[in-house]
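Worksheet: one structure, shown below.
In this note's numbering, the protein residues as written are 249 to 356.
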């Protein structure tokens, strides 16, 4: 019985994906907010405080800091040890970061 496991990403690839996520975190947030504020609903929220997002600000901050922490964890994790756990941290980092962008955009 052959139980072939999928190939694991290399340490260099994981470092690259983690670093790319960290470098794109702030631009993701800024571009998402610009897109939201460019809508009529977003400008009414900014100007009059009406029709603002129902997504709590604490949730957005939690996603932001979780993505940053997971990215830093993946960068600081020893390269040769626990590669699957490091790959999981990078996958979670990107998942949380994309969720953050989606939550911001959903407020439009």
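The beta-carbon is built from N, C-alpha and C at its ideal position, and this holds for glycine as well.
How many Å lie between residue i and residue j at the Cα?
{"i": "residue 288", "j": "residue 330", "result": "48 Å"}
{"i": "residue 286", "j": "residue 326", "result": "43 Å"}
{"i": "residue 267", "j": "residue 336", "result": "15 Å"}
{"i": "residue 264", "j": "residue 296", "result": "43 Å"}
{"i": "residue 306", "j": "residue 290", "result": "19 Å"}
By the DSSP assignment, the alpha helix (DSSP H) with residue i in it spans what residues?
{"i": "residue 286", "result": "Run containing residue 286: none; DSSP gives neither H nor E here."}
{"i": "residue 366", "result": "Because the chain spans 249 through 356 in this model, residue 366 falls outside it and cannot be assessed."}
{"i": "residue 343", "result": "331-354"}
Evaluate residue i with the Cβ neighbour count: other Cβ atoms within 10 Å of its Cβ, from every protein chain shown; 16 or more gives buried, anything less gives exposed.
{"i": "residue 280", "result": "buried"}
{"i": "residue 334", "result": "buried"}
{"i": "residue 273", "result": "buried"}
{"i": "residue 310", "result": "exposed"}
{"i": "residue 269", "result": "buried"}
{"i": "residue 278", "result": "exposed"}
Does the Cβ-Cβ distance between residue i and residue j come in under 8 Å?
{"i": "residue 349", "j": "residue 276", "result": "yes"}
{"i": "residue 299", "j": "residue 318", "result": "no"}
{"i": "residue 308", "j": "residue 352", "result": "yes"}
{"i": "residue 338", "j": "residue 322", "result": "yes"}
Taking residue i as the reference, which of the options has the closest Cα?
{"i": "residue 343", "options": "315, 332, 304", "result": "315"}
{"i": "residue 312", "options": "260, 271, 284, 258", "result": "271"}
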